[in-house]
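Sequential numbering from 1 applies to the sequence shown in full-length UniProt numbering.
No residue lacks a Cβ here, since even glycine has one placed at the ideal position from N, Cα and C.
Beneath this line is the structure, given in structure tokens, with notes to follow.
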Amino acid sequence: MMGSTSNNHTRRLPPSPTKLPILGNLHQVGKFPHRTFATLAERYRSPLLLFHFGSRPVLVVATSAAAREVMKTHDLVSAGKPEFRTAKKLLYDGKDVAACPYGEYWRQTRRLCVLHLLSNKKVQSGRAVREEEVGLLVNRIRQNVETEQVSRGGVNLSELLSCLANDVICRIAFGRKYSATTNFRDQLVEFMELLGALSVGEFIPCLSWVNWITGFDARVDRVARQFDELLEGAVEEGVARLEKQSNVMEDDGQAPFIDVLLRLQKDGSEASHLDREGIKAVILDMFVGGTDTTSTLLEWTMSELVRHPRVMKKLREELRSKIGPETETFHEANLDKLEYLKLVIKETIRLHPPIPLLSPKQLTQDATIMGYDVPSGTMIMTNAWGIGRDPSDWPESPEEFWPERFLASAAAADVDFRGQDYHLIPFGSGRRGCPGVSFALAVVELVLANLVRDFEWKLDGGVRGEDLDMSECVGLTVHRRLPLLAIPATVSDY
Numbered sequence: 001m002m003g004s005t006s007n008n009h010t011r012r013l014p015p016s017p018t019k020l021p022i023l024g025n026l027h028q029v030g031k032f033p034h035r036t037f038a039t040l041a042e043r044y045r046s047p048l049l050l051f052h053f054g055s056r057p058v059l060v061v062a063t064s065a066a067a068r069e070v071m072k073t074h075d076l077v078s079a080g081k082p083e084f085r086t087a088k089k090l091l092y093d094g095k096d097v098a099a100c101p102y103g104e105y106w107r108q109t110r111r112l113c114v115l116h117l118l119s120n121k122k123v124q125s126g127r128a129v130r131e132e133e134v135g136l137l138v139n140r141i142r143q144n145v146e147t148e149q150v151s152r153g154g155v156n157l158s159e160l161l162s163c164l165a166n167d168v169i170c171r172i173a174f175g176r177k178y179s180a181t182t183n184f185r186d187q188l189v190e191f192m193e194l195l196g197a198l199s200v201g202e203f204i205p206c207l208s209w210v211n212w213i214t215g216f217d218a219r220v221d222r223v224a225r226q227f228d229e230l231l232e233g234a235v236e237e238g239v240a241r242l243e244k245q246s247n248v249m250e251d252d253g254q255a256p257f258i259d260v261l262l263r264l265q266k267d268g269s270e271a272s273h274l275d276r277e278g279i280k281a282v283i284l285d286m287f288v289g290g291t292d293t294t295s296t297l298l299e300w301t302m303s304e305l306v307r308h309p310r311v312m313k314k315l316r317e318e319l320r321s322k323i324g325p326e327t328e329t330f331h332e333a334n335l336d337k338l339e340y341l342k343l344v345i346k347e348t349i350r351l352h353p354p355i356p357l358l359s360p361k362q363l364t365q366d367a368t369i370m371g372y373d374v375p376s377g378t379m380i381m382t383n384a385w386g387i388g389r390d391p392s393d394w395p396e397s398p399e400e401f402w403p404e405r406f407l408a409s410a411a412a413a414d415v416d417f418r419g420q421d422y423h424l425i426p427f428g429s430g431r432r433g434c435p436g437v438s439f440a441l442a443v444v445e446l447v448l449a450n451l452v453r454d455f456e457w458k459l460d461g462g463v464r465g466e467d468l469d470m471s472e473c474v475g476l477t478v479h480r481r482l483p484l485l486a487i488p489a490t491v492s493d494y
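Spelled out as structure tokens, the structure:
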């Protein structure tokens, strides 16, 4: 047990690894914090662990029972957000939704996003964009197959899926694509890397000079400037469109996110509390969160399908029996018929949550959690990755990719990942849960249905699926360390 105040002997604190002076437990976090935290939770046999990042106390939530208590029982007092200098620079001083402190500004802004940007109606309004972009992707792959232009090693699915996610989200958020812009995707990758970095200066102020020496601060400033230039241009384009349509004050359902916000701000209604930076911050949230989460989930799902030909074959049989062969047009309306596809996605999310350590929160007052006394100001990190592999919740081969596990019982079939089942919480729950789940899934389901229905996928050189390298590269989201390369062939060729 470790404590930081004089009266800690009266408190029952969660178990804590031995810490070092100044550093605290930062030296123990390692390259893959989600794996480190899961290993230590098992060693201590505790649902909660207390770390110290420098002098800052950090509560790691390691089990579904603890997650339920934090996100449901203590939802209000755990809705605060820790302050990070990097996030303030990249996210307009916390004027977005994800990093904004809990309060009236956050409530108004989140309500605005839920009602006008992420509602079911708005998600459905993007259907034409999604179908068009997925159609372009499929045609590009088919043309390469037919002209035998698939390079040695195969198609770089990681790059294609990232480009697709960028194009879809950009068109919906900004009204046009940006993927053709030189280095645009590289800038996005660097943005997410910086936002997820555990920099020493954030936790040990006296060592903040290290960030300057290593060039970390300069990178943050450069990336913030690059994205601000992009967003400023997008705002100017939106303003110009509104001036041409000055007599139209209602969203027709097809308007880009940025136009919706500008229109609401102009008519003095729900967006009147947002200034120009606030609009850019909200759009940045929608764009970055939607793009990276979508591409990461697609990348891991295709990886698991390539590794498990049985699952891919079963999914293709469902697609061709319920939707038809590739000669028939595929529409989003058909997705509701695809039960096995939903199981495949659910199982991928269990094993590979896009953000393995959910966005950190902070206690706004003292709380008793799982019988432990946790002081106000403690940062909370929920290990969604570890919870998704916890044998207590997943007794049958928790490390294995097996979509049928959700058919084992009526209770298993009802498990959902939208925040009500705490042993599967890739998008969080409660006040700070991600409101854009449906937005991302609409893209993921459509892409997977087309790629699996229309093509067979295999690895180059006769490499077996089980030998595919599945190692991770960590930022805010967890991507594959190596790009996913696979060789496509039209199903009729087999």
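Take residue i and list the residues in its own chain whose beta-carbon comes closer than 7 Å to its own, dropping the five residues that flank it on each side.
| i | result |
| --- | --- |
| Pro33 | Leu357 |
| Lys95 | Glu277, Gly278, Ala281 |
| Thr348 | Leu297, Trp300, Thr301, Glu304 |
| Ser158 | Glu299, Arg480, Pro483, Leu484 |
| Leu284 | Leu91, Asp96, Phe227, Leu231 |
| Leu468 | Ser303, Val306, Arg307, Leu459 |
What does the alpha-carbon distance come out to for the pair residue i and residue j?
| i | j | result |
| --- | --- | --- |
| Gly462 | Glu404 | 27 Å |
| Arg130 | Val60 | 37 Å |
| Arg85 | Phe184 | 24 Å |
| Val239 | Cys206 | 44 Å |
| residue 504 | Asn144 | Residue 504 falls outside the range modelled here, since the chain spans only 1 to 494, and no answer is possible. |
| Ser16 | His74 | 22 Å |
| Phe406 | Tyr340 | 10 Å |
| Ala271 | Leu262 | 8 Å |
| Cys170 | Phe287 | 7 Å |
| Leu451 | Phe216 | 39 Å |
| residue 509 | Arg127 | The structure shown has nothing for residue 509, since the chain only spans 1 to 494. |
| Ser208 | Gly54 | 12 Å |
| Thr490 | Leu448 | 15 Å |
| Trp394 | Leu351 | 11 Å |
| Pro360 | Asn211 | 21 Å |
| Asn156 | Arg432 | 35 Å |
| Pro256 | Lys121 | 13 Å |
| Val220 | Lys89 | 7 Å |
| residue 497 | Thr477 | Because residue 497 is not part of the residues shown, which for the chain are 1 to 494, the question remains open. |
| Phe174 | Leu198 | 31 Å |
| Pro57 | Ala367 | 14 Å |
| Asp460 | Leu164 | 23 Å |
In the DSSP output, what is residue i paired with across the bridge?
| i | result |
| --- | --- |
| Trp457 | Pro488 |
| Asp373 | Thr368 |
| His273 | Its beta-bridge partners do not exist; DSSP assigns none. |
| Gly24 | Leu20, Phe53 |
| Arg480 | Glu472 |
| Asn156 | Leu485 |
| Gly238 | DSSP output for Gly238 lists no bridge partner at all. |
| Gln362 | Gly80, Met379 |
| Leu48 | Val61 |
| Leu357 | Asn383 |
Using a Cβ-based criterion (distance less than 7 Å to any ligand heavy atom), does residue i qualify as near the ligand ATP?
| i | result |
| --- | --- |
| Met71 | This structure does not include the ligand ATP; it has no bound ligands of any sort. |
Would residue i be called buried (16 or more neighbouring beta carbons within 10 Å of its own) or exposed?
| i | result |
| --- | --- |
| Ala87 | buried |
| Lys81 | buried |
| Thr293 | buried |
| Thr458 | What sits at residue 458 in the sequence shown is Lys, not Thr. The residue is buried, with at least 16 neighbouring Cβ atoms inside 10 Å. |
| Glu399 | exposed |
| Ala486 | buried |
| Trp385 | buried |
| Glu202 | buried |
| Thr36 | buried |
| Val31 | The residue you asked about is not Val; residue 31 is Lys in the sequence shown. Answer is exposed; the Cβ neighbour count stays below 16. |
| Pro391 | exposed |
Among residues of its own chain, excluding the 5 on either side of residue i, which ones have a beta-carbon nearer than 6 Å to its beta-carbon?
| i | result |
| --- | --- |
| Ala438 | Looking at the sequence provided, one finds Ser at residue 438 rather than Ala. Within the same chain, Ser438 has close Cβ partners Val123. |
| Met249 | At Met249, the pLDDT of 47 sits below 50, so the modelled position is not reliable; the number obtained from the coordinates is stated separately. Cβ within range, chain order: Asp267. |
| Gly135 | none |
| Gln187 | Gln226 |
| His52 | Lys19, Gly24, Asn25 |
| Phe337 | The identity of residue 337 in the sequence shown is Lys, whereas the question assumes Phe. Excluding positions up to five away in sequence, the list reads Lys322. |
So, at 8 Å on beta carbons, what are the nonlocal neighbours of residue i in its own chain, with the 5 sequence-adjacent residues on each side left out?
| i | result |
| --- | --- |
| Glu69 | Ile369, Met370 |
| Val444 | Thr294, Leu297, Leu298, Thr301, Ile345 |
| Ala65 | Pro47, Met370, Tyr422 |
Residue ranges of each alpha helix (DSSP H) run of no fewer than 4 residues wholly in the region 376-441, ordered along the chain?
384-388, 410-413
Residue ranges of each alpha helix (DSSP H) within the region 79-124, 4 or longer
85-90, 104-116
Give, in chain order, every unbroken run of the alpha helix (DSSP H) that is at least 4 residues long and sits entirely within the region 287-360.
309-322, 339-351
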